[in-house]
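Since the structure comes first, as C-alpha cells, the remarks are kept for the end.
Residue numbers (the numbering used here): 143 to 484.
Encoded structure:
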C-alpha cells in the first residue's frame, strides 16, 4: 500500500472553489467561490477577513511577495486586495482575466485578458506596459520580474520586457503552424518551450519537441518527446516535464533525460518543494524524492487542478472540483509535507 499523510486542516467552502492562493510564508490563504466571494484566513481557518464579492466571478488568484492579493475576474477586471480583505486598486481588463502569472521577485504581474491583450502591472496596480500580437494563449514570467514569455495560437513565442520592448520572437515552424503546450523560465534565465506540430512534419522535423532558448533569443538545444508535454516546471537541477500520458521526465542542467514518475492519468501540475517534487494528477497529489521514489500520496475529493505552495514548500494548499453535481464535496486541503507518512 502506498504511504499517505493526514492533512493539518480541511476547510469546507460554501460552494465550488474557482481559485486559490497562499502567501509565500504561509501565514494566510485565500480562495474564491463560484458566487464570486473572495475569502481570506489563516491556514487554521481563523483570523477571517470580511468576504468581498468580485464582480464577474474569479478565475485567478495570486499573492505577490509583498502580500497583495491579486484577483483576476472571470469576466471583469484585475484587482488588488490587502490580506485583511480591503480593496486597494482595480486595473481595467477587456473581457476578464484568462491567464495570470506573478513573479516571486521583481514585482511583476502579467495577465492575458479576454481580448488577448497582455497587461504587465505592479502589485500596486501601476501599469508597466501592454502588448498585443495575435491570439495569445499561454504565459510565463521571469522569476526576477524582468520579462514575460507569451505564445499565440499559431505557435509563435515572444519575450516582452517589463519596459514593453520585445526581447526576441521564436517563430512558428511549418506551414500550418504548431501549438506551444508549455513554457517556463529556468533558474539560469533560459526559457524552455514544449511544442507539438499541428500537421505531418517534413524532413527531420520532430512532431513533439522541447526546446531551450537563451535570454537573447538563441536556440541552444532541441530534444524530441514521446508524448505531448502538458506542464513544464523549473527545478534547482534543471526542468521537469509533465506528460499527457502521466509520465514525469526530468532534464538536468546538461539536458540528460530520465524518467522520474508515472501516473495513470495526465499530469495537472509540478511544483518543486525543496529537493522534492509535488506532482498532481487526477484526484491525487504525490510527493516525489529527487531519485524518483514516492514519499507519500494524498487523495482529494476533486481533481487536483488548484494547488499552491509556500515559497519553501513547507505548506501545500489543494483544492479542486470533481465536476459531478451529484457527488460534489467542496474541500480545501492543507498539507504539511514534513508530516510522518503511514
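A virtual CB, placed ideally from N, CA and C, is assigned to each residue, including glycine. Predicted model, so just to flag it, every value in this text is computed and none were measured.
Short check: CB of residue 459 to CB of residue 205, under 8 angstroms? At a Cβ-Cβ threshold of 8 angstroms, residue 459 and residue 205 do not count as neighbours.
Taking the continuous beta strand (DSSP E) assigned at residue 439, which residues delimit it? Unbroken beta strand (DSSP E) run through residue 439: 436 to 441.
May I have the straight-line CA-CA distance separating residue 430 from residue 414, to the nearest angstrom? Each residue's CA atom was taken as its position, placing residue 430 and residue 414 some 10 angstroms apart.
Return the Cβ separation of residue 176 and residue 193 in integer angstroms, given the expectation that the two are a contact with Cβ distance under 8 angstroms. Actually they do not touch by this definition, with Cβ atoms about 13 angstroms apart.
Residues bridged to residue 418 (per DSSP): Residue pairing by DSSP places residue 418 opposite 415 in a beta bridge.
Sequence-distant residues of its chain with Cβ nearer than 7 angstroms to residue 450 (five each side left out): Shown here for residue 450: same chain residues with a beta carbon closer than 7 angstroms to its own, the five before and five after excluded, namely 162, 163, 164 and 459 in chain order.
Got a sec? Which residues, its chain only, sit under 7 angstroms from residue 462 by beta carbon, not counting five neighbours each side? Here residue 462 has 442, 444, 445, 446, 447 and 448 as same chain residues with Cβ atoms under 7 angstroms from its own Cβ, once five neighbours each way along the sequence are excluded.
Below 8 angstroms, how does it come out for the segment 355 to 362 and the segment 315 to 325: are there three or more Cβ pairs, yes or no? Counting C-beta pairs with one atom in each stretch, the segment 355 to 362 and the segment 315 to 325 have fewer than three that are closer than 8 angstroms, which means they do not touch.
Here's the rule: buried if 16 or more other CB atoms are within 10 angstroms of the residue's CB, otherwise exposed. What is residue 272? That one is exposed.
Just how far apart, CA to CA, sit residue 265 and residue 251? For residue 265 and residue 251, the distance between alpha carbons rounds to 7 angstroms.
Counting only runs of 3+ residues fully inside the segment 263 to 349, write out the beta strand (DSSP E) ranges in chain order. The segment 263 to 349 contains, as complete beta strand (DSSP E) runs of 3+ residues, the segments 269 to 274, 278 to 283, 289 to 294, 299 to 303, 308 to 312, 320 to 327 and 333 to 339 (chain order).
Does the beta-carbon distance from residue 402 to residue 373 come in below 8 angstroms? For the pair residue 402 and residue 373, the CB atoms are not nearer than the 8 angstroms cut-off.
CB residue 312 to CB residue 287, shorter than 8 angstroms? Against a cut-off of 8 angstroms, the Cβ pair of residue 287 and residue 312 comes out as no contact.
Once DSSP output is grouped into helix, strand and coil, what is the label at residue 258? Here residue 258 sits in coil by DSSP.
Do you know offhand how far residue 210's Cα is from residue 479's? Residue 210 and residue 479 have their C-alpha atoms some 25 angstroms from each other.
Can you give the beta carbon distance from residue 465 to residue 144, rounded, assuming they're within the 8 angstroms contact cut? Contact between residue 465 and residue 144 is absent: CB atoms are separated by about 25 angstroms, not below the 8 angstroms threshold.
For residue 242, which of helix, strand or coil comes out of DSSP? Correct three-state label for residue 242: strand.
Just grab the DSSP bridge partners of residue 386 for me. Answer by DSSP bridge pairing: none, since residue 386 is not bridged.
Reducing DSSP to helix, strand and coil, say where residue 394 ends up. Three-state DSSP puts residue 394 in a strand.
Considering Cα atoms alone, identify which of 256, 212 and 188 is closest to residue 231. Of the listed residues, the one whose Cα sits closest to residue 231 is 212.
Specify, as a first and last residue, the run of the beta strand (DSSP E) that residue 160 falls within. If you look at residue 160, you'll find it in the beta strand (DSSP E) that goes 159 to 164.
Let me know the secondary structure DSSP gives residue 211 once reduced to three states. Three-state DSSP puts residue 211 in a strand.
Compare the Cα-Cα distances from residue 170 to each of 191, 159 and 299 and report the closest residue. Selected option, being the one with the closest Cα: 191.
Confirm, please, whether the CB-CB distance from residue 263 to residue 235 is below 8 angstroms. No. Outside cutoff.
Roughly how many angstroms separate the alpha carbons of residue 222 and residue 457, rounded to a whole number? Looking at the two C-alpha atoms, the distance is approximately 24 angstroms.
Express the C-alpha separation of residue 321 and residue 296 in angstroms, rounding to a whole number. Cα to Cα, residue 296 sits roughly 6 angstroms from residue 321.
So, helix, strand or coil for residue 428, using DSSP? Note: residue 428 maps to strand in three-state DSSP.
For residue 216, three-class secondary structure by DSSP: Note: residue 216 maps to coil in three-state DSSP.
Expressed to the nearest angstrom, what Euclidean distance is found between the alpha-carbon atoms of residue 152 and residue 228? Distance between the alpha carbons of residue 152 and residue 228 is about 25 angstroms.
8 angstroms is my cut-off, CB to CB: does residue 255 come that close to chain D? Annotation note: the requested chain D is absent from the structure, which comprises a single protein chain.
Thinking just about the alpha-carbon of each residue, which of 301, 146 and 241 is nearest to the one in residue 201? When 301, 146 and 241 are compared, the shortest CA-CA separation from residue 201 is found for 241.
Close-in-space but distant-in-sequence residues of the same chain around residue 369 (CB under 6 angstroms, 5 per side omitted): If we look at residue 369 and ignore the five residues flanking it on each side, its Cβ neighbours are 385, 386 and 387.
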